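The number in the working numbering is simply the position in the sequence shown, starting from 1, with 77 added. C-beta atoms are modelled at their ideal positions from N, C-alpha and C, and glycine is treated no differently. Please read all numbers here as calculations on a predicted model, not as lab measurements. Accompanying notes for the structure given below.
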Amino acid sequence: MKRITLIILSFSFSHFLFAQNEDSIKLVGFEIYLLNEYNGNPNSFWYLDKTELRKFKRKFKEKKLNQLPNSICHDYLNWNKITLFDKPFLSKSDIEYYSWNDYTVVLTQSGIEKIKLLKGNVQGIPFAIVINGVVQFGGKFRWIGSSQMNDRVYTSFKSDFKEIKIMFMGCGEDPRNTPDFRAKLNLRTE
Numbered sequence: 078m079k080r081i082t083l084i085i086l087s088f089s090f091s092h093f094l095f096a097q098n099e100d101s102i103k104l105v106g107f108e109i110y111l112l113n114e115y116n117g118n119p120n121s122f123w124y125l126d127k128t129e130l131r132k133f134k135r136k137f138k139e140k141k142l143n144q145l146p147n148s149i150c151h152d153y154l155n156w157n158k159i160t161l162f163d164k165p166f167l168s169k170s171d172i173e174y175y176s177w178n179d180y181t182v183v184l185t186q187s188g189i190e191k192i193k194l195l196k197g198n199v200q201g202i203p204f205a206i207v208i209n210g211v212v213q214f215g216g217k218f219r220w221i222g223s224s225q226m227n228d229r230v231y232t233s234f235k236s237d238f239k240e241i242k243i244m245f246m247g248c249g250e251d252p253r254n255t256p257d258f259r260a261k262l263n264l265r266t267e
């Protein structure tokens with residue numbers, strides 16, 4: 078009986094370890110870039126005048142925030158009109174791993190040091206998640222004390238954070254959870 082119990086416990090423990098590895102994966106070519114040029118989304122519903130806003134509300138009154146088109150969300154990033162800096166802000170040596178279940182990037186000590194260099198501002202600092210040289214989605218680094226909301230992807234940060242949790246506020250489709258992005262996340266480094 079003790080032998081069977083030991084086998085079951087061993088199997089359960091190894092299954093637990095395997096499940097942990099499936100959740101927290103190291104990625105090939107996973108980098109975070111800052112945006113060199115970004116002027117906001119001119120199509121944002123935040124910029125509508127009173128007449129346009131009334132039309133907007135009539136058109137979308139039955140829709141929930143996540144059913145709105147991405148292009149009218151205030152913090153939507155149109156990648157055709159954005160340029161990234163030449164080098165990644167956080168690269169392979171700065172990122173320990175990415176946790177798929179809670180969209181968390183865990184940083185190495187060098188990554189933590191780079192986060193300390195960010196200067197918080199009310200609007201947030203735009204960033205892009207890039208895998209193997211291709212932009213997947215973007216958002217804003219938002220200083221934890223900022224009073225401004227973000228309607229798409231963002232992460233709150235302080236200079237001593239080891240983890241960056243990438244959150245989605247709800248306007249439009251969640252870019253963190255598309256099948257294409259999830260497939261790319263399954264690329265592991267050894």
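From residue i to residue j, what distance separates their C-alpha atoms?
| i | j | result |
| --- | --- | --- |
| Tyr153 | Gln186 | 31 Å |
| Leu125 | Thr160 | 26 Å |
| Gly106 | Gly215 | 16 Å |
| Arg131 | Ile149 | 15 Å |
| Ala96 | Trp177 | Its pLDDT being 38, under 50, Ala96 is placed unreliably by the model, and the measurement read from it follows with that caveat. About 12 Å. |
| Trp123 | Leu145 | 13 Å |
| Asn120 | Lys134 | 15 Å |
| Lys191 | Gly249 | 30 Å |
| Gly201 | Val230 | 11 Å |
| Trp220 | Arg253 | 21 Å |
| Ser91 | Tyr175 | A caution first: Ser91 carries a pLDDT of 37, below 50, which makes its placement in the model too unreliable to give a value. |
| Leu112 | Thr232 | 15 Å |
| Lys138 | Glu129 | 14 Å |
| Asn209 | Lys169 | 11 Å |
| Gly117 | Pro203 | 10 Å |
| Asp171 | Phe238 | 13 Å |
| Asn147 | Glu173 | 31 Å |
| Glu114 | Gly188 | 23 Å |
| Lys158 | Lys127 | 27 Å |
Considering Cα atoms alone, identify which of the options is closest to residue i.
| i | options | result |
| --- | --- | --- |
| Tyr110 | Asp228, Lys217 and Met246 | Lys217 |
| Asp179 | Lys132, Arg229 and Lys242 | Lys242 |
| Phe166 | Leu142, Lys141 and Lys193 | Lys193 |
| Lys140 | Asn254, Pro256, Asp257 and Gly247 | Gly247 |
| Asp163 | Gly117, Glu108, Ile202 and Gly188 | Glu108 |
| Lys301 | Val207, Phe137, Asn147 and Phe234 | Since the displayed the chain opens at 78 and closes at 267, residue 301 lies outside it and no answer follows. |
On the DSSP letters alone, give me the boundaries of the alpha helix (DSSP H) that residue i sits inside.
| i | result |
| --- | --- |
| Ser187 | Gln186 to Leu194 |
| Phe218 | No alpha helix (DSSP H) holds Phe218; the beta strand (DSSP E) holding it covers Val211 to Trp220. |
| Glu129 | Lys127 to Phe137 |
Short of 6 Å in beta carbon distance, which residues of its chain neighbour residue i, apart from the five on each side in sequence? Order them along the chain.
| i | result |
| --- | --- |
| Val212 | Trp156 and Ala205 |
| Val207 | Glu108 and Tyr110 |
| Pro256 | none |
| Leu142 | Gly247 and Cys248 |
Can you tell me where the beta strand (DSSP E) with residue i in it begins and where it stops?
| i | result |
| --- | --- |
| Lys242 | Glu240 to Lys242 |
| Thr232 | Val230 to Phe234 |
| Asn113 | Phe107 to Glu114 |
| Glu173 | Ile172 to Ser176 |
| Ile208 | Ile202 to Ile208 |
Beta-carbon within less than 8 Å of residue i's beta-carbon, same chain only, minus the 5 sequence neighbours each way: which residues are those?
| i | result |
| --- | --- |
| Glu240 | Thr181, Val182, Val183 and Leu184 |
| Ile84 | Since pLDDT at Ile84 reaches only 42, below the 50 mark, its modelled position is unreliable, and the value read off the structure follows with that caveat. Answer for Ile84: no residue qualifies. |
| Lys136 | none |
Give every residue of the same chain whose Cβ lies closer than 7 Å to the Cβ of residue i, excluding the five residues on either side of it in the sequence, and list them in chain order.
| i | result |
| --- | --- |
| Asp251 | Phe245 |
| Asn227 | Asp152, Gly201, Lys217, Arg219 and Met246 |
Are there any heavy atoms of the ligand FAD lying less than 7 Å away from the beta-carbon of residue i, as far as the coordinates show?
| i | result |
| --- | --- |
| Glu240 | Of the ligands one can find in the structure shown there are none, so the ligand FAD has no counterpart to examine. |
Got a sec: is the Cβ-Cβ distance from residue i to anything in chain B below 8 Å?
| i | result |
| --- | --- |
| Lys134 | Given the protein chain composition of this structure (a single chain), no chain B is represented. |
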